[in-house]
Structure formats: C-alpha cells, structure tokens
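Shown next, in structure tokens, is the structure this report addresses.
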Amino acid sequence: MASRKNIDLNLYGDITKISPKGASAKTASQDNLKVSGVAASQALVDADIAELDKLKDIFVRVGESLNIHPALIGAIASRESRAGTLIKSTNGYGDGGNGYGIMQCDIHTSGVEWKKHAWNSEGHIRQATEDVLIPKIRGVQNKHPAWTKEQQLQGGIAAYNFGVKNVQTVAGTDVGTTGDDYSNDVIARAQRLIDKYGW
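Using my numbering, the first residue of the sequence shown is number 859, and each one after it goes up by one.
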C-alpha cells in the first residue's frame, strides 16, 4: 500500500505554538498532586504513558489520516479516561454511564452511534476524532473567524468538552469546562507527549 501524501498535522492549528496554563488544582487532585498548571498536566500524562503507548500506532494512523496531531488525540484520551484505566471495569462507560470509550464521548448528545466500535478500538478513536473533535474545531472556526488558527484549535478542544456554543472568548475559553481547564490541560498533555515522548 502506498504511503499517504500531504499529511498536515497542523491543518487546524499548530498545537506546539499554544501556551497552555495546564491543569487546575481540581484536575491535579486526581493523582493527589501538590502542583497545578503545566507541571500537573505533565505528571498526569506521564502516569498514563504506558497505556497510551499501547495504542500509539492507532493514534498516529488516525491523526495522520485526519490531519490532527496524534498527541492531541492521545492527550484527550488521557484527560477523558486516563487512557482507558478509569473505564476498563465498566466496559468503556464513564461519567455515570453518559460517556463511552477511551475518548469518553457523550452517548446522548453527540449524535453518533458509539456501540458499533469497542471502547478502546481504532474505530472508536477515529469516530471520536472525525465525528466529534473535528466538527467542534470547525464550529469554533465558523463562530470565531477572526481568531488565529491556534485560538480556534484551543476553542475546538474546549468545545469537545462543553459544546461550541459555550466557547465565547479567547481569555475565557475554558470557563465552564470540566475543572475550568479542559483545553489548557489537554494541550499541555499533548505538548508533553511531543516533547518528552516523541509523538
């Protein structure tokens, strides 16, 4: 099979050009961390790296085929389900049964048929990226056309958590997301995957 040409992992913005604030103290408390911010995000994804690495080839295939950085997809999986460790015992369900899969997509509001793919499968990861994440990024692009690509990307990551309609300002992108830090934490985790682990 011929290799795919014209891969552009920065099509929706360059995740390495964003300066995230990292995880809130609330998010950091998952691992009883005494720090917050970027250091907490790094520690959280460091704790998940063994599980993430098991699926790295999938994250890379999906990311390259959809022009989304694999580290971003992996970082969302880290944030949403701790790379699956939080949902192994519930067959992929989390958030009180409202979220499904390693990417924890809302089974009621996403409009996607989640049960057709196993919770930790390539199909699920592709579906969450193609049918939820990318449309959220595009939704923010349409809502805020004057924002830079990186601001739109960050807004789209926040929208993955709480919807495009709630992305109002650059400064307040995460206000109202889980922990009030969703995109800042995810981006810091993604940058750690790139910088330390070569994703």
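Just so it is clear, CB atoms sit at the ideal spot from N, CA and C, and this is done for glycine as well.
For clarity, every value in this text was computed on a predicted model and none was experimentally measured.
Beta-carbon proximity list for residue i, same chain, < 7 Å, skipping 5 on both sides
i, result
"Phe1020", "Gly1034 and Thr1035"
"Ile916", "Glu980 and Ile983"
"Thr1031", "Gln1012, Gly1013, Ala1016, Val1025 and Ser1041"
Residue i at chain C interface by Cβ criterion, 8 Å
i, result
"Gly880", "Although the question refers to chain C, the structure presented lacks it and comprises just one protein chain."
Contact set for residue i: own chain, Cβ-Cβ below 6 Å, skip 5 residues either direction
i, result
"Tyr1018", "Leu991 and Lys994"
"Ala941", "Asp906, Glu909, Leu910 and Ala935"
"Gly1037", "Ser882, Lys884 and Thr885"
Span separating the alpha-carbon of residue i from that of residue j
i, j, result
"Asp889", "Gly950", "21 Å"
"Ile945", "Leu930", "20 Å"
"Leu913", "Val970", "22 Å"
"Tyr870", "Trp1057", "17 Å"
"Lys1001", "Ala897", "32 Å"
"Thr1006", "Asn956", "33 Å"
"Asp904", "Arg937", "12 Å"
Of the listed residues the options, nearest to residue i (C-alpha basis)
i, options, result
"Ala1084", "Leu1011, Gly959, Gln1012 and Asn1000", "This structure leaves residue 1084 out entirely; the chain is present only between 859 and 1057."
"Ala901", "Lys1001, Ser882, Val970 and Lys973", "Ser882"
"Glu922", "Leu867, Ala1048 and Ser968", "Leu867"
"Asn864", "Leu924, Gly932 and Thr874", "Leu924"
"Lys1023", "Ala1048, Gln1009 and Gly997", "Gly997"
"Ala1048", "His975, Arg919, Ile926 and Gln1010", "Ile926"
"Thr967", "Lys974, Asp989, His975 and Ala933", "Asp989"
Buried/exposed call for residue i, threshold 16 Cβ in 10 Å
i, result
"Thr948", "exposed"
"Ser877", "exposed"
"Asp1043", "buried"
"Ala1029", "exposed"
"Ile1045", "buried"
"Ala976", "exposed"
"Gly880", "buried"
"Asp1039", "buried"
Residues near residue i in its chain [Cβ-Cβ closer than 8 Å; skip 5 each side]
i, result
"Trp972", "Tyr958, Gly959, Cys963, Ile965, His982 and Gln985"
Segments assigned alpha helix (DSSP H), at least 4 residues, entirely inside the segment 912-955:
For the segment 912-955, whole alpha helix (DSSP H) runs of length 4 or above, ordered along the chain, are 914-924 and 928-939.
Counting only runs that start and end within the segment 959-1004, where is the alpha helix (DSSP H) found for 4 or more residues in a row?
Counting only runs of 4 or more, we get 980-986 and 992-1001.
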